[in-house]
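Working notes for the structure below.
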Amino acid sequence: MSEDAIVQRLHSGSTEQLGTPKLYSELAILSVLTLKSVFHLAGRQASGFVESIFELIGVELPVPDHSTVSRGIGQLDVPLPILETQQARHVVIDSTGIKVYGEGEWKVRHHGIGKRRTWIKLHLAVDEATGEILAAVVSSNDWADPEVLPDLLEQIEPEIEQVSADGAYDTSDCYDAIAQREAKPIIPPRKN
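Under my numbering, the sequence shown is numbered contiguously, ending at residue 296.
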């Protein structure tokens, strides 16, 4: 905790807005969230941890409580770093379904599936080494996974060394799209 960081913890913006003025800066909320993430703490524990640190170093500043921190998350503007690499990547591809509209799981188990259930599919391409999401495509639930693989590969800039996916991608179109990128496919064969 440098002196600059301690001084910047209180909000210094305009007070011309309606309602209670902000007391904490983005830096204050971000620092509590960082400690929460690094040390795997719950919200109250993270606020208490920062209070303890301030007490130990003799700083008399207010610390945002857990509810202030959770409300402040949506207003943070944190730039995500882009990992620059010129090395060939090992790309892992998969998809998942997301329920957009429909009944709860309990009702479906007891009364059956209704007519108004709507799902979308999120297809992701992830760098195996870093966990960085390299490409994403959202499709309706009637699109098969292999149909989206070429679109995912198009979004990835540097050279691809290897593409890993599950058996759903075991189609000739997927192998052709991977071969066009001169990558090695690692796809288990389908069971049927």
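Cβ atoms here follow ideal geometry from the backbone N, Cα and C, with glycine treated the same way. Note that this is a predicted model, so its numbers are computed, not measured.
Going by CA-CA distance only, name the one from the options that's closest to residue i.
i, options, result
"residue 198", "274, 286, 175, 228", "228"
"residue 172", "143, 147, 157, 265", "147"
"residue 238", "248, 131, 253", "253"
"residue 242", "136, 223, 156", "223"
"residue 268", "262, 143, 279", "279"
"residue 250", "261, 131, 226", "226"
"residue 194", "150, 170, 266", "266"
"residue 234", "188, 203, 160, 143", "188"
"residue 258", "286, 244, 158, 160", "286"
"residue 203", "289, 295, 244", "244"
"residue 248", "200, 158, 141, 157", "200"
"residue 260", "159, 141, 236", "236"
Whole angstroms is fine: what's the gap from residue i's alpha carbon to residue j's?
i, j, result
"residue 196", "residue 184", "21 Å"
"residue 231", "residue 164", "44 Å"
"residue 162", "residue 178", "31 Å"
"residue 175", "residue 246", "37 Å"
"residue 282", "residue 291", "11 Å"
"residue 129", "residue 170", "15 Å"
"residue 216", "residue 256", "35 Å"
"residue 180", "residue 134", "8 Å"
"residue 295", "residue 289", "18 Å"
"residue 158", "residue 141", "19 Å"
"residue 156", "residue 143", "14 Å"
Within its chain, find whatever has a CB closer than 8 Å to the CB of residue i; leave out the 5 residues flanking it on each side and keep chain order.
i, result
"residue 293", "271, 274"
"residue 145", "139, 153"
"residue 136", "150, 151, 154, 167, 168, 173"
"residue 182", "134"
Can you check DSSP and say which residues form a bridge with residue i?
i, result
"residue 288", "266"
Quick one: what's got a C-beta closer than 6 Å to residue i's C-beta in the same chain, skipping five residues either side?
i, result
"residue 192", "263, 265"
"residue 240", "228"
"residue 186", "none"
"residue 160", "none"
Considering only residues of the same chain and omitting the five flanking positions on each side of residue i, which have a CB-CB separation below 7 Å?
i, result
"residue 166", "127"
"residue 277", "250"
"residue 284", "none"
Quiz item: Which ranges would you report for the beta strand (DSSP E) in the segment 191-271 if only whole runs of at least 3 residues count?
Solution: Counting only runs of 3 or more, we get 193-205, 222-231, 237-244, 264-269.
Practice problem: Note down, one range per segment and in chain order, each alpha helix (DSSP H) of at least 4 residues found wholly within the segment 118-174. | Solution: Counting whole runs of 4 or more residues, the segment 118-174 contains the alpha helix (DSSP H) stretches 130-142, 147-161.
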